[in-house]
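Here's the structure, in structure tokens; my notes come after.
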Amino acid sequence: SAGLRVSEAVHLQDADVELKSGMLTIRRTKFAKSRQVPLHPSTTDALRHYRALRDHHVEIAEDTPFFVSMRGRRRGCGLSLRQVHQVFIGLRDQMGWNNRGAHDGPRIHDLRHAFAVQTLLDWYRAGVDVEPRLPWLSTYLGHVGPSSTYWYLTATPELIMLAHRRLEHAL
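Sequence positions in the sequence shown follow our numbering and run 469 to 639.
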């Protein structure tokens, strides 16, 4: 729901998650830049619930990762990318979530792509001038610039229709 890279979520420290203001601080980015990411209230509520559950089962220190394993030998340790991918694949398979693309099944990284496309759809539906906002989306996703964000923008039928209507109206 925040468009983070999986590695960014895994590397979040407890102090990076400010639930009172609904803000994440992303410190370990792909391009060595920090950024703040605002959260939707529903995401803030879900993270608040997770934190309470986690804190009930795990001793928290200043350097505790936000997302931790709560079972077995790795209890209280940060999650690995491998663990996250395994859990995602298990959940995906339980839901019967089939792929419509070139991969074996939807990947967790596809959620980041969906976030970018959904943001564009929301802007088009709201009648917003999308082009000047692309740098905002790039910054939010932690990209160097809009040219990096274009890779995420899949031409969905609805997005094409909304863009076509906008162009038709302008002409």
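Every residue gets a Cβ at the ideal spot worked out from N, C-alpha and C, and that includes glycine.
Quick check on DSSP: helix, strand or coil for M629? helix
DSSP state of M563 mapped onto helix, strand, coil: helix
Burial state of R522, where buried means 16 or more other Cβ atoms lie within 10 Å: buried
Would you identify the three-state DSSP class for T532, choosing helix, strand or coil? coil
When you compare only the Cα positions, how much space is there between N567 and A584? 19 Å
Assuming E538 and V555 make a contact with CB atoms under 8 Å, what is their CB distance in whole Å? Correcting the residue type first, residue 538 is Met in the shown sequence and not Glu. Not a contact, Cβ separation roughly 12 Å.
CA nearest to the CA of M491, picked from Y608, G558 and E530: Y608
Straight-line gap, L472 to G610 (C-alpha atoms, nearest Å): 8 Å
Just list the alpha helix (DSSP H) runs in the region 475 to 501, keeping only unbroken ones of 4 residues or longer that don't cross its boundaries, in chain order. none
DSSP three-state label for S537, please. strand
Outcome for H479 when other beta-carbon atoms lying within 10 angstroms are tallied against a minimum of 16: buried
One or two residues paired with G471 in a DSSP bridge: DSSP, once it has assigned bridges, lists no residue as partnering G471.
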